[in-house]
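> Can you read through this structure? Questions will come right after.
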Amino acid sequence: MHFKSMYPDIPPLPPGNIHNLCLRRPDQADWPDYTVQIEAKTGKSRTFREFIQRVDYAATALGGPFNKGCLGLCAEKNDIIGIMSENSMDYVTFVHACLAIATPFALISSYSTRFELKHALQLSKSTCLFVDDKFIPLVLPVAKELGISSKKIYVMSGHVSGRKSFAQMIDEVRIKKVEKVGVKEATEDTLAYLVFSSGTSGLPKAVMLSHGNIKVSFGQMIVLAQEVAEVYTPPEPKTPDGLPKTLAFLPMHHSYGLHTYCFRAFVAPNTMVILPKWNTDLALSVIPKYKVTHLPLIPSVVHQLVHHPKTAKTDFSSVMMVGCGAAYLPVELGQRMAAIIPVEANFAEGYGMSECSISAVTQPHPGTLGGRGKKVLGTTGILLPGMEARIVREDGSGADVDEVGELWLKGPNIALGYWNNEKANRETFVDGWLHTGDRFRVDKDGYFFYADRAKDTLKVSGAQVSPVEIENVLLLHPQRIIQDATVAGVSGGRTSDEKVPRAWVVLSQSGKKMGAGAVVKELERWHQENLSRYKWLRGGIEVVKELPKNPTGKTLRRVLQDKYEREVASGKVKGKL
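Below is the structure:
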């Protein structure tokens, strides 16, 4: 079937550089000089006007002429500016400085191993790097191996003797009163940045996002805000200045964090309370301290919050909005998170991927769209403004209502493609449609329900088996004996290439009291009672201390599968039939 967004079209957006839409709009001249950012660990803060001035200095430091002591970076010289840093106020400054000079930047994960870093640098062809001081020992030998001059490696945050930092560059421009470079021209297709996909298999691909892509994503949020304003006037935030405050812990090198803190933060006045990375204890102290109103979350963080002993004692009364994305959130877990926040707070989920800038589907505010917007249990929501979708069977034909198939997406927020990867482009971006590799069903009202990742779906005795369905059953055990679970295919089928489902589970407190052996026996009984025989866990159930996950909360099933297969091959375990 073919679906179109229920929302009104995105209004015409001003042409040119996305930086102007984020920070140079006429309406922003009337904004108060509010606190735009606070660093939670240090307490340092910056106002909106101070931030804009710092971006101007930073853009000049990066793109100004060599003879003025600047770096002279520009797209015309094929420069790609790499950044490998934890979250900070200056991460946002850096992003907007690069946008202002229309020179693309590559978002390199601060969690990178040597192998991952080498791949990212080789693929992106970064010509210079800005790196936190603690990552310098990792970066230098890799850069040398790849022929990147040590002189082109700068310090993003911190201090390294003999190496210039981003802050020092900004200070030099300010002190020397170097003439500002201004905002450079950019078209809708001008490359803005490269972000690395966290694909389920193979090496990460570099997704190319343009100034136009970001602009559309920004415009989608404006349409959503306008629709909500027609039916709902939120209460004034319980903050000293009456402005909303967002907990900013998601890594800014990932699309979710990048868009939330660097772009969408400037739709309206909003303070970002920035954590370098996720820390549950710090977050639970920061939320009441700063009266945080908005919590953009990921499933792994929701898991940690609902199970943390300090959560029940933490004051969440200021929270007005919780969002969850980046990975699938089981219904029961979402309900437990909703019980923690005030009853009047809005809890919304969504679906997206870097290839569609950030998001494609979101839960609508109840009452919007002439009453079509409503709360629907288990849904990821409806299409964002300007988007189209198809649900497609394996043979390429359209699926029926409530029939599971692969989700295809189309819209002006779809990425330009993959950087230097024509094979992947041909497979993923086909005739204007993004083939997501994710399986969904859509009900008669146009609400999307996540089923599974196409590549993770198993075929057992010729029938399709969804790991997510099995995970949900395990997590819904009435005694709550586990707090996390994942299911994936392992060897042990009737043929050499058939995979059977195996579960890895993390015990809850009640599960630990019961004991691992008893939990496994109980889960065997429970899932066999609730699932058809061909969906049974013929690969067995294993208790683990934690599930390996990437920084955005997606479970790394491949790590668990590979470990299991190695153990089977070595005779340490026997495949269960």
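Residue numbers (full-length UniProt numbering): 1 to 577.
From the three backbone atoms N, C-alpha and C, an ideal C-beta is built for every residue, glycine too.
All values reported here derive from a predicted model rather than from experimental measurement.
(1) If you compare alpha carbons, which of Thr233, Pro14, Ile287 is closest to Lys41?
(2) Tell me, please, which residues DSSP counts as bridged to Met208.
(3) Going by C-alpha distance, which of Glu469, Ile482, Glu565, Lys151 is nearest residue 641?
(4) Would Phe448 pass as a contact of Ala389 if the rule is Cβ separation under 9 Å?
(5) Over the uninterrupted alpha helix (DSSP H) stretch that includes Lys563, give me the two end residues.
(6) Would you identify the three-state DSSP class for Gln483, choosing helix, strand or coil?
(7) Tell me where the beta strand (DSSP E) around Arg46 begins and ends.
(8) Count the other C-beta atoms from every protein chain shown that fall within 10 angstroms of the C-beta of Lys499, then say buried if there are 16 or more, exposed otherwise.
(9) What are the start and end residues of the alpha helix (DSSP H) that includes Pro467?
(10) Quick check on Arg54: buried or exposed, where buried means 16 or more other Cβ atoms within 10 Å of its Cβ?
(11) Ignore the nearest five residues each way along the sequence and tell me which others in His2's own chain have a CB closer than 6 Å to its CB.
(12) Looking at C-beta atoms only, is the number of pairs between the segment 172–184 and the segment 56–75 that lie closer than 8 Å three or more?
(13) Please report the straight-line C-alpha distance between Ile10 and Arg25, rounded to a whole angstrom.
(14) Could you tell me if Asp90 is buried or exposed, where buried requires 16 or more neighbouring beta carbons within 10 angstroms of its beta carbon?
(15) Using three-state DSSP, classify Val92 as helix, strand or coil.
(16) Measure how close the beta-carbons of Gly323 and Pro296 come, nearest whole angstrom, since I'm counting them as under 8 Å.
(17) Look at Leu224 and Leu209 and say whether their C-beta atoms are less than 9 Å apart.
(18) Taking the continuous alpha helix (DSSP H) assigned at Leu129, which residues delimit it?
(19) Does DSSP put Gly370 in a helix, a strand or coil?
(20) Report buried or exposed for His527, applying the criterion of at least 16 other Cβ atoms within 10 angstroms of its Cβ.
(21) Is Ser359 helix, strand or coil when you go by DSSP?
(22) Helix, strand or coil for Pro296? Go by DSSP, reduced to three states.
(23) Answer yes or no: do Gln363 and Gly386 have a C-beta to C-beta separation smaller than 9 Å?
(24) Threshold first: 4 residues or longer. Then list the alpha helix (DSSP H) segments lying entirely within the segment 95–120, N to C.
(25) Can you tell me whether Pro32 is buried or exposed, with buried defined as 16 or more other CB within 10 angstroms of its CB?
(26) With H, G and I counted as helix, E and B as strand and the rest as coil, what does DSSP make of Ala75?
(27) Within this structure, are the beta carbons of residue 583 and Ala100 separated by less than 9 Å?
(28) So, with DSSP's three-state summary, where would you put Ala488?
(29) Look up Arg502 in the DSSP assignment and say whether it is helix, strand or coil.
(30) Would you tell me roughly how many angstroms separate the C-alpha atoms of Arg566 and Lys313, rounded to the nearest one?
(31) Identify the continuous alpha helix (DSSP H) that holds Arg174 and give its terminal residues.
(32) When you compare only the Cα positions, how much space is there between Gly199 and Phe266?
(33) Does DSSP classify Arg441 as helix, strand or coil?
(34) Per the contact definition of three or more C-beta pairs closer than 8 Å, is the segment 129–138 in contact with the segment 159–178?
(35) What do you get for Lys205, buried or exposed, if any count of 16 or more other CB atoms within 10 angstroms of its CB means buried?
(36) Look at the Cβ atom of Arg372, then the Cβ atom of Asp445, and state whether they are nearer than 9 Å.
Reading from the atomic positions:
(1) As a position in the sequence shown, residue 41 is number 41, starting the count at 1. Considering only alpha carbons, the answer is Ile287.
(2) Here residue 208 is taken as the residue at index 208 of the sequence shown, counted from 1. Partner(s): Leu194, Gly417.
(3) This structure leaves residue 641 out entirely; the chain is present only between 1 and 577.
(4) Here residue 448 corresponds to residue number 448 of the sequence shown, with the count starting at 1. Here residue 389 corresponds to residue number 389 of the sequence shown, with the count starting at 1. Yes. Within cutoff.
(5) For this step, residue 563 is matched to residue 563 along the sequence shown. From DSSP, the alpha helix (DSSP H) with Lys563 extends over 557–570.
(6) For this step, residue 483 is matched to residue 483 along the sequence shown. In this structure, Gln483 counts as strand in the three-state DSSP scheme.
(7) As a first step, residue 46 is located in the sequence shown; it is residue number 46 there, counting from the start. First-last of the beta strand (DSSP E) with Arg46: 45–47.
(8) If you number the sequence shown from 1, residue 499 lands on position 499. Answer is buried; the Cβ neighbour count reaches 16.
(9) Here residue 467 refers to the residue found at position 467 of the sequence shown. Here the alpha helix (DSSP H) through Pro467 covers 467–475.
(10) Here residue 54 refers to the residue found at position 54 of the sequence shown. Looking at its Cβ environment, which holds 16 or more other Cβ atoms inside 10 Å, Arg54 is buried.
(11) One-based indexing of the sequence shown puts residue 2 at position 2. Cβ neighbours of His2 beyond the five flanking positions: Arg390.
(12) yes
(13) For the purposes of this step, residue 10 is taken as residue 10 along the sequence shown, with counting starting at 1. For the purposes of this step, residue 25 is taken as residue 25 along the sequence shown, with counting starting at 1. Approximately 17 Å, taken between the alpha carbons.
(14) Walking along the sequence shown from the start, residue 90 turns up at place 90. Buried is the call here.
(15) Residue numbering aside, residue 92 sits at position 92 when the sequence shown is read from its first letter. Taken through DSSP and simplified to helix, strand or coil, Val92 comes out as helix.
(16) Taking the sequence shown and counting its residues from 1, the one referred to as residue 323 is at position 323. Taking the sequence shown and counting its residues from 1, the one referred to as residue 296 is at position 296. Between Pro296 and Gly323 the Cβ distance is about 5 Å, and since that is below 8 Å, they are a contact.
(17) To locate residue 224, count along the sequence shown from 1; it is residue 224. To locate residue 209, count along the sequence shown from 1; it is residue 209. No, they are not a contact pair.
(18) For the purposes of this step, residue 129 is identified with residue 129 of the sequence shown, where counting begins at 1. First-last for Leu129: 128–131, but that is the beta strand (DSSP E), not the alpha helix (DSSP H).
(19) Position 370 of the sequence shown, counted from the first residue, corresponds to residue 370. Three-state DSSP puts Gly370 in a helix.
(20) Counted from its first residue, the sequence shown places residue 527 at position 527. Buried, by the Cβ-count rule.
(21) Translated into positions along the sequence shown, residue 359 becomes position 359. Ser359 falls in the coil class under three-state DSSP.
(22) Start at 1 with the first residue of the sequence shown, and residue 296 comes out as number 296. Pro296 falls in the strand class under three-state DSSP.
(23) Within the sequence shown, the letter at position 363 stands for residue 363. Within the sequence shown, the letter at position 386 stands for residue 386. Taking 9 Å as the Cβ cut-off, Gln363 and Gly386 do not qualify as a contacting pair.
(24) none
(25) What you label residue 32 is simply residue 32 of the sequence shown in a count that begins at 1. Exposed, because fewer than 16 other Cβ atoms sit within 10 Å of the Cβ of Pro32.
(26) On the sequence shown, position 75 is the one that residue 75 refers to. Ala75 falls in the helix class under three-state DSSP.
(27) No answer is possible for residue 583: the residues shown for the chain start at 1 and end at 577.
(28) Counting from 1 along the sequence shown, the entry for residue 488 is found at position 488. Strand.
(29) On the sequence shown, position 502 is the one that residue 502 refers to. In the displayed model, Arg502 falls within a strand according to three-state DSSP.
(30) Taking the sequence shown and counting its residues from 1, the one referred to as residue 566 is at position 566. Taking the sequence shown and counting its residues from 1, the one referred to as residue 313 is at position 313. Looking at the two C-alpha atoms, the distance is approximately 44 Å.
(31) Here residue 174 is taken as the residue at index 174 of the sequence shown, counted from 1. Per DSSP, Arg174 belongs to the alpha helix (DSSP H) from 166–176.
(32) Indexing the sequence shown from 1 puts residue 199 at position 199. Indexing the sequence shown from 1 puts residue 266 at position 266. Residue placement at Gly199 is flagged as unreliable, the pLDDT there being 45, under the threshold of 50; a coordinate-derived value is accordingly withheld.
(33) For the purposes of this step, residue 441 is identified with residue 441 of the sequence shown, where counting begins at 1. DSSP places Arg441 in strand when its eight states are reduced to three.
(34) yes
(35) Taking the sequence shown and counting its residues from 1, the one referred to as residue 205 is at position 205. Burial call: buried.
(36) In the sequence shown, residue 372 corresponds to position 372, counting from 1. In the sequence shown, residue 445 corresponds to position 445, counting from 1. Yes; because the gap between Cβ atoms is below 9 Å, this pair is in contact.
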